[in-house]
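Everything below concerns the one structure shown next.
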Amino acid sequence: MQAHGSIGRASKPVALLGALCLFLSSIEYMIPKPLPFMRIGIANLPLMLALDTLGCGDFFLLVLIKILGQALVTGTLFSYVFLFSLAGTIFSASTMFFLRRLCGDRIGFIGIGVAGAMFSNLSQLFLASFFVFGKGVVYIAPLFLGAGLVTGVCLGVVCEHFAGTSTWYAEVKRGATPRISE
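Counting from 331, one number per residue, gives the positions in the sequence shown under the working numbering.
Structure below.
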């Protein structure tokens, strides 16, 4: 019998990273946006960290937690903005997951962050061409993709630093069950 209850080893990182997604979504919600669907993406940090610590099923469970949690935090669950968030997160997370699985450590968090941001932004620009801007989407695309490039690099740098310095992350990555301070 486990000393900490019946929660399995894989579910503890999912719960912790899911809570971190919700916390970062709340912080990100307070940052002004030039467009309702344009975000910095800091709530994707837990997804990036999960790439090396969770299996496929747990990773996409975390993605679902992030999508629904962010929609509840921002109050956009039943709005067109939810479609943008849903598409951006699914395309971004899938790209990051499969890149990590295909390339392994040959691609760092900076490359993963940039690829995720680009696929997120491209999916959102595609939707914006239908729902908001029409053909005028070409005018916001350079700014939107440029912002994604910058934020992707910044998120990648933060993940690289955290992954390189966190003992908690190192323990979870190698499969140990770290203790969280009580």
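Cβ coordinates follow ideal geometry from the N, Cα and C atoms, glycine included.
Less than 8 Å between the beta carbons of residue i and residue j, yes or no?
| i | j | result |
| --- | --- | --- |
| ALA513 | GLY476 | In the structure displayed, the chain extends from 331 to 512; residue 513 sits before or after that span and is not available. |
| LEU381 | ARG430 | yes |
| GLY418 | SER453 | yes |
| THR404 | LYS503 | no |
| ILE395 | CYS351 | yes |
| MET378 | CYS484 | no |
Residue i: which of the options sits nearest, CA to CA?
| i | options | result |
| --- | --- | --- |
| THR425 | LEU398, PHE390, LEU455 and LEU457 | PHE390 |
What is the rounded straight-line gap between the Cα of residue i and the Cα of residue j?
| i | j | result |
| --- | --- | --- |
| ALA333 | ALA500 | Confidence at ALA333 is low in this model, with a pLDDT of 42, below 50, so the placement of that residue should be treated as unreliable; the coordinate-derived value is given next. Cα to Cα, the separation comes out at about 22 Å. |
| THR400 | ILE440 | Checking the sequence shown, residue 400 turns out to be Gln, not Thr. Whole-angstrom Cα-Cα distance: 23 Å. |
| PRO376 | PHE414 | 20 Å |
| VAL514 | LYS342 | Residue 514 lies beyond the residue range present for the chain, which begins at 331 and ends at 512; the question has no answer from this structure. |
| VAL462 | PRO364 | 14 Å |
| LEU479 | GLY505 | 32 Å |
| PHE474 | LYS465 | 15 Å |
Three-state secondary structure (DSSP) at residue i?
| i | result |
| --- | --- |
| THR495 | helix |
| GLY443 | helix |
| LEU479 | helix |
| ASP382 | coil |
| GLY438 | coil |
| PHE463 | coil |
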